[in-house]
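Numbering that gives the first Met the number 0 numbers the first residue of the sequence shown as 0 and each following residue consecutively.
Okay, structure first, notes after.
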Amino acid sequence: MPQPNKNKKILFLDRDGVINVEPEGYITDWSDFEFLPGALDTIKRATDEGYRIIIISNQSAIGRGMCSKEKIDEIMSNMVETVEAHGGKIEDIFYCPHTPEDMCKCRKPKPDLFFQAAEKYNIKLTNTWFVGDKLTDVAVAMRVGTKPILISGGKPVPDISVTEDDAAAVVNNLSEAFEYLLSMDRLRAVTDA
């Protein structure tokens with residue numbers, strides 16, 4: 000098996016609450032999907048900066064019988080097409096269709112979706128970022144070794160660090176998350192040189 004490429008710039012993103020408005024219930028139709036302000040521009044900028052964007056998302060509407068897998072795939076496809084029309088690129092999407100009661104291995108905060116992506120794209124997870132909007136996103140990021148960024152949307156969050164080294168950055172939106180990770184990656188590039 001080839002060695003993971005540590006020079007790949009990988010940005011994992013959750014979907015709901017990061018790219019689009021967090022729904023009251025579930026997004027079961029494209030008409031329910033609303034991009035958050037600045038999300039399309041930030042994804043374009045990340046693409047322009049050489050980051051490969053991979054979506055990691057729980058989509059339990061399928062397991063709850065509220066929506067078919069085909070419908071979720073259609074929504075995801077429309078999202079990707081809209082991102083591409085704005086100059087961005089989403090490399091791939093990995094999602095869990097199960098409910099919490101299914102006790103699967105892929106529903107965040109379980110790590111299987113990250114492992115699937117790492118295997119498919121030969122990624123070293125410790126050299127990646129994950130932006131999410133829930134504490135379960137931070138938990139899975141810490142579990143797999145990716146660097147977590149939590150979007151709080153301006154809401155207060157509890158102290159989520161275990162040590163100073165694994166503390167998650169807390170920001171208001173995807174644009175702030177990207178500014179943070181970009182500055183940290185540039186700093187790391189200077190110190191590694």
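Every residue, glycine too, gets a C-beta built ideally from N, C-alpha and C.
Below 8 Å, enough C-beta pairs join the segment 82–97 and the segment 48–55 to call them touching: three or more. Leaving aside the five residues that flank GLU90 on each side, the residues in its chain whose CB is nearer than 8 Å to its CB run, in chain order, ARG51, ILE52, ILE53 and TYR120.
When DSSP states are grouped into helix, strand and coil, PRO99 belongs to the helix group.
The C-beta distance from ILE42 to GLN58 rounds to 19 Å, too long to meet the 8 Å contact threshold.
DSSP places ALA167 outside any alpha helix (DSSP H), giving it a letter other than H or E. Residue state for ARG44 is assigned as helix, using DSSP reduced to three classes. Taking C-beta separations shorter than 6 Å and ignoring five residues to either side along the sequence, the partners of VAL130 in its chain run LEU12, VAL17, ILE148 and ALA176, following chain order. By alpha-carbon distance to ASP101, the top candidate from ILE61, LEU35 and SER174 is ILE61.
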